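K.L.:
There are 4 protein chains.
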Amino acid sequence: MPDRVRASVQIAPRTHQLQEFPRPVIGPDDGLLRVEACGICGSDLEQFEDHGGRRTEPVIAGHESLGIIEEVGERAAQRWGVQPGDRVALESYLPCRACDMCHRGEFMSCRTGSFAYGFFPTSRKPALWGGYAQYIYLHPNTLLHKVGKDIPAEVAVLYNPLGAGVRWATHLGGVKPGETLLVLGAGQRGIAAVIAAKAAGAGDVIVTGLARDARKLALAREFGASHTINVEAEDTVERVKAITQGNLCDVVLDVTPMALEPVNHAIECVRHGGRIVLAGLKGRRPMQFFPDAVIQKGATIVGAFGVDSRAYKEAIEIIESGRFPLHKLHTHSFPLEEAARAIETLQSDSDAVCVSVHPNR
Amino acid sequence: MPDRVRASVQIAPRTHQLQEFPRPVIGPDDGLLRVEACGICGSDLEQFEDHGGRRTEPVIAGHESLGIIEEVGERAAQRWGVQPGDRVALESYLPCRACDMCHRGEFMSCRTGSFAYGFFPTSRKPALWGGYAQYIYLHPNTLLHKVGKDIPAEVAVLYNPLGAGVRWATHLGGVKPGETLLVLGAGQRGIAAVIAAKAAGAGDVIVTGLARDARKLALAREFGASHTINVEAEDTVERVKAITQGNLCDVVLDVTPMALEPVNHAIECVRHGGRIVLAGLKGRRPMQFFPDAVIQKGATIVGAFGVDSRAYKEAIEIIESGRFPLHKLHTHSFPLEEAARAIETLQSDSDAVCVSVHPNR
Amino acid sequence: MPDRVRASVQIAPRTHQLQEFPRPVIGPDDGLLRVEACGICGSDLEQFEDHGGRRTEPVIAGHESLGIIEEVGERAAQRWGVQPGDRVALESYLPCRACDMCHRGEFMSCRTGSFAYGFFPTSRKPALWGGYAQYIYLHPNTLLHKVGKDIPAEVAVLYNPLGAGVRWATHLGGVKPGETLLVLGAGQRGIAAVIAAKAAGAGDVIVTGLARDARKLALAREFGASHTINVEAEDTVERVKAITQGNLCDVVLDVTPMALEPVNHAIECVRHGGRIVLAGLKGRRPMQFFPDAVIQKGATIVGAFGVDSRAYKEAIEIIESGRFPLHKLHTHSFPLEEAARAIETLQSDSDAVCVSVHPNR
Amino acid sequence: MPDRVRASVQIAPRTHQLQEFPRPVIGPDDGLLRVEACGICGSDLEQFEDHGGRRTEPVIAGHESLGIIEEVGERAAQRWGVQPGDRVALESYLPCRACDMCHRGEFMSCRTGSFAYGFFPTSRKPALWGGYAQYIYLHPNTLLHKVGKDIPAEVAVLYNPLGAGVRWATHLGGVKPGETLLVLGAGQRGIAAVIAAKAAGAGDVIVTGLARDARKLALAREFGASHTINVEAEDTVERVKAITQGNLCDVVLDVTPMALEPVNHAIECVRHGGRIVLAGLKGRRPMQFFPDAVIQKGATIVGAFGVDSRAYKEAIEIIESGRFPLHKLHTHSFPLEEAARAIETLQSDSDAVCVSVHPNR
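Structure below.
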């Protein structure tokens, strides 16, 4: 292993620069991961654009890291149950594990807030906090999961979108065997939700997309969606009523980024007593909302914040089971030098589904 | 018992007329209830005003009926476990008990929809579907609960607002022992929520109200609210932050009718991972809503539709336990002839909390 | 339709006699079902043997009836959503729908107790309470589910064992996607549990059986069991430890009839905090049990009593989905005249899995 | 603070010896607690007797420690939210926080097993692992809760039995407002369960005890038990049937140590679909158990293993609320020199309820 670690540092909105950092010294409670692949999601796009202007310091982004344990402290090895050479997937969040919320096992609501890989500035030692780098530092609080080494890195790195699909559709949405799920949005999260829902025995799964999402909708059908709707050519609510014979949907998941209309579609398409999961951020924009509609339907709306360990574990089991042709979800790979281009591709290429950066290729 | 039954019939918006109806013939599966008292809530106000213009036919309103079994069919007596002379409280809803939702025990989501006492026209036989009458017809699907006969009717009739408090604050809101609850609105439902939450061991309970609600807020404190906020004199969100030392509230319940601002207060005041229950109808008006706020907090919003058997049963147990001075909740009683005035009183008298009509007094 | 209905009546332990009964007169709230097929389970075997001597009166047994609506009252048609000619599957239990437990949706705990098809004597009018007859009377409280008419009756009648599998493995056992399930017993319920668990995304499913169950264990593997154990040749607990690498099982389901040792195996094989579902009746025999073992493991033991609507619905969806080769589960069909032989076959033929009686063939 | 720490070390079954240990050096992640009081429970009795012979090395026992933060590392102070001078209550267990069970928030099922205060030998550095000492070492994984300093130490130290009551009766037992709870056993855990259940709104609470428990049963009634049963003079099952008018109990909690008969009483006294919590260890002895009884009732049996953070938090809120006269629960205090006598008192004095050791008095 080299003494210097190369990383793609975001130094300004939409601007990356290759930099080198010293290799961290590892103690008994931490470790170092050689990054095989780092996935990209909507949060990366937001961070790249610097929405809200929160990022002023240089940062190594990338919070969906898969890699090989390069070095691990003695106590960390015991706690994590890993040895150098093991392949692991990292969780994004680093909960404090000590506040009252963490004590209750509600790590997502950790009182310390948004403490996550890919979002610390390089000024914070030891700088290597993101996946767009050859190595990532393993903080003692890191949550990680072993992944089988015989799986192609492009497939194994899907643990993150699949984890989101599992948590949003089946844990938060609570879709039960035989129940009907409507997924609004056909991006990687939408398709991952189809996979997770079908893996959990869901009945009909309906997916919406734009005209340009035709290939993604076809992919959704291949993964088990029973119906797809082109929202530019069809009336979503009318189609859903027809498909469900007026019974509407048990669960609706919105993963559309920036679009506000789908939230009201969700309320119209959910059955009395049903559940809506909101997972598509809207750039802090407001919408017109009728509280009475939620009350009259006795509906539940859940904000989907992040992915937790149980969901990651189930996602990895779906990956390792080999029962879905997951390689079809992954469309583009880039070397470290092209991390910015990787993000731009996910942003602008409508056929891009899952895109990853491979810093050591 | 007389051959004719007197009732206060709503014949037009804000207009009642005393009418007489024939005494129904009771078969093996149904029954007849002599009404002791019928409570009044926000739905009555809406119906009285004929919001939305849905009521075109004459109707005997009143869906919070307490009374004495006058007559009961043999099979009904066995199923309901009652005999003539027993005192019972009626549930408002009449689920079909046969659709898939009823099979699942989700009676509130019965596919037959809004099938409830107090909302059938008098043209539907046997006309006596509402509590503003001397007698109410007990349909075979009626859900009823026995209530101790030694409790004053004014207190026993509180089973309905207390049932709402139980379901909204503790079942849907899920407030756990020691948790902090914020109740937005100091009407009968708000105070009932305080009682239900304290009965279930809630920690701090904060209640908001208008300047004119001073007596109601005092009553809320008497029933266990730890803090009250006059929203016209204080900033709700700032006060809640101060009271909770920045931890915000585990559960927020909005029972304010027509007011939209409290919904956004609820989102601001709930902690990460917390729950919001919406129970105050807004007259079908829309509001400005930020989906991202719900997502970023991982919050859950539940629409509170009606009250179910479990909540009614708990409410009756609270009443029968005698552990709260519930008589203070009841402020006004009216005879049948003044049913319309009873509704107007709840509407316009800011000191009115729980108001009831007593058709046989 | 004939005026007389033929039925196989159990007149003494292990003794059936063909008898004829008058066709019932159907009113507005009830109906009549032409029986296509009636499944047989362990309860039938118990009833046939008259364990405990509870059966002293003649009875038409059979509580897993599939058939075609022959006649249905106007109100019943509306409530059930069916018309003559529809194919439906009956639930066994007839809850009162009026006691406090039914009000809570806990129909299984109906205060009226064991009110079920197949267990009323013929002396109770109109006699046709069981599925081993050409027609079965549809009591107003009947719970029924539509089933697609294009499915072979031998497959459609599997709704009952599959419903048990769904409820016991996934609802009561709560097996989650990726979790490990141990099924003790390879009869129809055991294999149905494999199917239900795999349909719900379970990870490894391990099934035990006797040497003579070799074909059933092979069938379990075909339906998705990852491992099978011949308990006469292998040590169950040791094999489970080896298979799970010492992590033991998240959920254990015991469906072995009469065998007591599996209950202790269940306790040994479940992980800390795991769940055990007991579903195999033991002929009222006692066993040696260590309470401390349950406490030290923080384990949960659930008694599996019956099947509920949600489970039946999911089972029918599994059947209609066509995703499992369910015809392999059904091994024997008999005409009405051979109802007793059908029961004896399930009892004594170790290759019999699911057996049905077809009264109108 | 002195350089040497005095502790009461268990050097053999039923034998304590006062020893001195060096004051530990505290780093950034750990801390030191000056013990105000340490409670005693059934596990202490078992440990004192050395049941099973597991204890061969000297150990400082005591796992219910209340104290004042003497010293705390910088990172630990931030994570725990405490400063020197704060009063805190320690949780007994030290989960690894890194295994898959801990990741799921199921700390009780931590794969590392029985890692708890009061059970490490003094040979393990820094020796101070138990509460029968002037100071206790705060390991980085310690879970602790702040407690108000104005509460007498004898009352504040009740956080542990009350935490058990909260978890066993209301979390694991799930007793809901108005439901009936039967508590088998009138020791500190039994009475604590009464308090927790009443705090959560339980309806009737029935408590059993022996003839010599008369004072404890009176105390149970004072804390809200509706009925008490002297099991030596009355038939438990018959009394419960009479009290509940045949409806039996929603939840039954067994806290009797060593007694096996109560487990079968629990099964007989629980209603169909009800829950039984087993919390009283039986010295590894077996009992006669009828699996069919659990199945026929559709009952759930839960093994109560330990207390978790949520329960401790609720317990401390009950203590701080001042709504129960908790000082009556505490019967005996001893100095450090008499730690063995404290344990013997709880063991042999039938009027002892809660007993504590105060090492710095």
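Chains as they are written, first to last, in the working numbering: chain V, 861 to 1221; chain L, 861 to 1221; chain S, 861 to 1221; chain F, 861 to 1221.
We put the beta carbon where it would ideally sit given N, CA and C, even for glycine.
No experiment lies behind these values; they were computed from the predicted model shown.
When DSSP labels each residue in this structure, what does residue 1184 of chain S get in the three-state scheme?
P.N.:
Position 324 of the third sequence holds residue 1184 of chain S. Residue state, collapsed to three classes: coil.
K.L.:
Please report the Cβ distance between residue 964 of chain L and residue 1169 of chain S, rounded to the nearest whole angstrom; I am assuming they are in contact, meaning their Cβ atoms lie under 8 Å.
P.N.:
Translated into the one-based positions of the second sequence, residue 964 of chain L becomes position 104. Translated into the one-based positions of the third sequence, residue 1169 of chain S becomes position 309. About 6 Å; that satisfies the 8 Å criterion.
K.L.:
Compare the beta carbon distance of residue 976 of chain L and residue 881 of chain L with 9 Å and say whether it is the shorter of the two.
P.N.:
Position 116 of the second sequence holds residue 976 of chain L. Position 21 of the second sequence holds residue 881 of chain L. For residue 976 of chain L and residue 881 of chain L, no; Cβs fall outside 9 Å.
K.L.:
Buried or exposed: residue 1033 of chain V, going by 16 or more other Cβ atoms within 10 Å of its Cβ?
P.N.:
For the purposes of this step, residue 1033 of chain V is taken as residue 173 along the first sequence, with counting starting at 1. Result: buried.
K.L.:
To which residues of the same chain is residue 1038 of chain S closer than 6 Å at the C-beta, ignoring the five residues directly before and after it?
P.N.:
Taking the first residue of the third sequence as 1, we reach residue 1038 of chain S at position 178. Correct list, in chain order: 1063.
K.L.:
Could you tell me the distance, in whole angstroms, from the CA atom of residue 1194 of chain V to the CA atom of residue 1093 of chain V?
P.N.:
Residue mapping note: residue 1194 of chain V aligns to position 334 of the first sequence, counting from 1. Residue mapping note: residue 1093 of chain V aligns to position 233 of the first sequence, counting from 1. Taking the straight line joining both Cα atoms gives about 35 Å.
K.L.:
Can you name the residues of chain F whose CB is closer than 8 Å to the CB of residue 1109 of chain V?
P.N.:
Position 249 of the first sequence holds residue 1109 of chain V. Near residue 1109 of chain V there are no residues of chain F at all, since even the closest Cβ is about 29 Å away, more than 8 Å.
K.L.:
Compute the Euclidean distance between the alpha carbons of residue 1133 of chain S and residue 1216 of chain F, then round it to the nearest angstrom.
P.N.:
If you number the third sequence from 1, residue 1133 of chain S lands on position 273. If you number the fourth sequence from 1, residue 1216 of chain F lands on position 356. Approximately 31 Å between the Cα atoms of the pair.
K.L.:
Against chain F, with Cβ distances strictly below 9 Å, would residue 930 of chain V count as a contact?
P.N.:
Along the first sequence, one-based indexing puts residue 930 of chain V at 70. Judged by the 9 Å Cβ criterion, residue 930 of chain V is not in contact with chain F.
K.L.:
Does the segment 1147 to 1159 of chain F come within contact of the segment 1161 to 1177 of chain S, defined as at least 3 CB pairs closer than 8 Å?
P.N.:
Verdict: yes, contact present.
K.L.:
Tell me whether residue 943 of chain V is buried or exposed, calling it buried when 16 or more other Cβ atoms sit within 10 Å of its Cβ.
P.N.:
One-based indexing of the first sequence puts residue 943 of chain V at position 83. It counts as exposed.
K.L.:
Name, going along the chain, the residues of the segment 1157 to 1171 of chain V whose beta-carbon falls closer than 7 Å to a beta-carbon of chain F.
P.N.:
So the close ones are 1169 and 1170.
K.L.:
From residue 1176 of chain L to residue 1220 of chain S, what distance separates their C-alpha atoms?
P.N.:
Start at 1 with the first residue of the second sequence, and residue 1176 of chain L comes out as number 316. Start at 1 with the first residue of the third sequence, and residue 1220 of chain S comes out as number 360. Near 52 Å, if we compare the C-alpha coordinates of residue 1220 of chain S and residue 1176 of chain L.
K.L.:
Can you find a CB in chain L that lies within less than 9 Å of the CB of residue 1021 of chain F?
P.N.:
Taking the fourth sequence and counting its residues from 1, one reaches residue 1021 of chain F at position 161. Answer no: the Cβ-Cβ gap between residue 1021 of chain F and chain L never drops below 9 Å.
K.L.:
Would you check if the distance between the CB atom of residue 893 of chain L and the CB atom of residue 998 of chain L is smaller than 9 Å?
P.N.:
On the second sequence, position 33 is the one that residue 893 of chain L refers to. On the second sequence, position 138 is the one that residue 998 of chain L refers to. It is a contact, given that the beta carbons lie within the stated cut-off.
K.L.:
Tell me, please, whether the CB atom of residue 1155 of chain V is closer than 9 Å to any CB atom in chain L?
P.N.:
Numbered from 1 along the first sequence, position 295 holds the residue referred to as residue 1155 of chain V. Answer yes: the Cβ-Cβ gap between residue 1155 of chain V and chain L drops below 9 Å somewhere.
K.L.:
Quick one: is residue 1072 of chain V buried, meaning 16 or more other Cβ sit within 10 Å of its Cβ, or exposed?
P.N.:
Looking up residue 1072 of chain V in the first sequence gives position 212. Exposed, by the Cβ-count rule.
K.L.:
Would DSSP call residue 938 of chain L helix, strand or coil?
P.N.:
Here residue 938 of chain L corresponds to residue number 78 of the second sequence, with the count starting at 1. Correct three-state label for residue 938 of chain L: helix.
K.L.:
Pick helix, strand or coil for residue 949 of chain F, following the three-state DSSP scheme.
P.N.:
The sequence position of residue 949 of chain F within the fourth sequence is 89, counting from 1. Residue 949 of chain F falls in the strand class under three-state DSSP.
K.L.:
Between the segment 973 to 1007 of chain S and chain L, which residues of the former have CB atoms less than 8 Å from a CB of the latter, in chain order?
P.N.:
Taking 8 Å as the Cβ-Cβ cut-off against chain L, the residues of the segment 973 to 1007 of chain S that qualify are 1003.
K.L.:
So what does residue 993 of chain L bridge to, in DSSP terms?
P.N.:
Taking the second sequence and counting its residues from 1, the one referred to as residue 993 of chain L is at position 133. BP columns for residue 993 of chain L point to L/867.
K.L.:
If you follow the alpha helix (DSSP H) that residue 1077 of chain L is in, where does it begin and where does it stop?
P.N.:
Working through the second sequence from its first residue, we reach residue 1077 of chain L at position 217. Taken as a continuous stretch (DSSP letters only), the alpha helix (DSSP H) holding residue 1077 of chain L covers 1074 to 1082.
K.L.:
Any idea which residues DSSP pairs residue 1091 of chain V with across the strands?
P.N.:
Within the first sequence, the letter at position 231 stands for residue 1091 of chain V. The partner list for residue 1091 of chain V (beta bridge, DSSP) is empty, contrary to what the question assumes.
K.L.:
Residue 1089 of chain V to residue 1154 of chain L, Cα distance in whole Å?
P.N.:
In the first sequence, counting from the first residue as 1, residue 1089 of chain V sits at position 229. In the second sequence, counting from the first residue as 1, residue 1154 of chain L sits at position 294. About 26 Å.
K.L.:
Going by C-alpha to C-alpha distance, which of S/1198, S/868 and S/962 sits closest to residue 857 of chain S?
P.N.:
Given a span of 861 to 1221 for chain S in the structure shown, any question on residue 857 of chain S remains unanswerable.
K.L.:
DSSP three-state call for residue 1052 of chain F: helix, strand or coil?
P.N.:
Residue mapping note: residue 1052 of chain F aligns to position 192 of the fourth sequence, counting from 1. Correct three-state label for residue 1052 of chain F: helix.
K.L.:
Which stretch, first to last residue, makes up the beta strand (DSSP E) that contains residue 1147 of chain V?
P.N.:
Residue numbering aside, residue 1147 of chain V sits at position 287 when the first sequence is read from its first letter. Run containing residue 1147 of chain V: 1147 to 1149, per the beta strand (DSSP E) assignment.
K.L.:
Counting along the chain, where does the alpha helix (DSSP H) carrying residue 970 of chain V start and finish?
P.N.:
The residue given as residue 970 of chain V occupies position 110 in the first sequence. Premise fails: residue 970 of chain V is in no alpha helix (DSSP H) and is neither H nor E.
K.L.:
Whole angstroms are fine: how far does the CA of residue 970 of chain F sit from the CA of residue 930 of chain V?
P.N.:
One-based indexing of the first sequence puts residue 930 of chain V at position 70. One-based indexing of the fourth sequence puts residue 970 of chain F at position 110. Spanning the two alpha carbons is a distance of roughly 26 Å.
K.L.:
State buried or exposed for residue 887 of chain V, treating a residue as buried only when at least 16 other CB atoms are found within 10 Å of its CB.
P.N.:
Along the first sequence, read from residue 1 onward, the residue named residue 887 of chain V stands at position 27. Residue 887 of chain V is exposed by the Cβ-count criterion.
K.L.:
Whole angstroms is fine: what's the gap from residue 1118 of chain L's alpha carbon to residue 1044 of chain L's?
P.N.:
Taking the first residue of the second sequence as 1, we reach residue 1118 of chain L at position 258. Taking the first residue of the second sequence as 1, we reach residue 1044 of chain L at position 184. Roughly 12 Å between the two C-alpha positions.
K.L.:
Using a C-beta to C-beta distance shorter than 9 Å, which residues of chain S count as neighbours of residue 969 of chain F?
P.N.:
Position 109 of the fourth sequence, counted from the start, is the residue given in the question as residue 969 of chain F. Under the 9 Å cutoff, chain S gives 1131, 1132, 1133, 1134, 1157 and 1158.
K.L.:
Is there at least one Cβ from chain L nearer than 9 Å to residue 1038 of chain F's Cβ?
P.N.:
The residue labelled residue 1038 of chain F in the question sits at position 178 within the fourth sequence. Chain L, which has a Cβ nearer than 9 Å to the Cβ of residue 1038 of chain F, makes this yes.
K.L.:
Would you verify that the beta carbon of residue 965 of chain V is, or is not, closer than 9 Å to some beta carbon of chain F?
P.N.:
Walking along the first sequence from the start, residue 965 of chain V turns up at place 105. Taking Cβ atoms only, chain F reaches closer than 9 Å to residue 965 of chain V, which makes this a yes.
K.L.:
Scan the segment 988 to 1045 of chain F and note each continuous beta strand (DSSP E) run of 3 residues or more that stays entirely inside, going in chain order.
P.N.:
Runs of the beta strand (DSSP E) inside the segment 988 to 1045 of chain F: 995 to 998, 1004 to 1006 and 1041 to 1044.
K.L.:
Is there a C-beta anywhere in chain L that falls below 9 Å from the one on residue 1065 of chain F?
P.N.:
Residue mapping note: residue 1065 of chain F aligns to position 205 of the fourth sequence, counting from 1. Answer no: the Cβ-Cβ gap between residue 1065 of chain F and chain L never drops below 9 Å.
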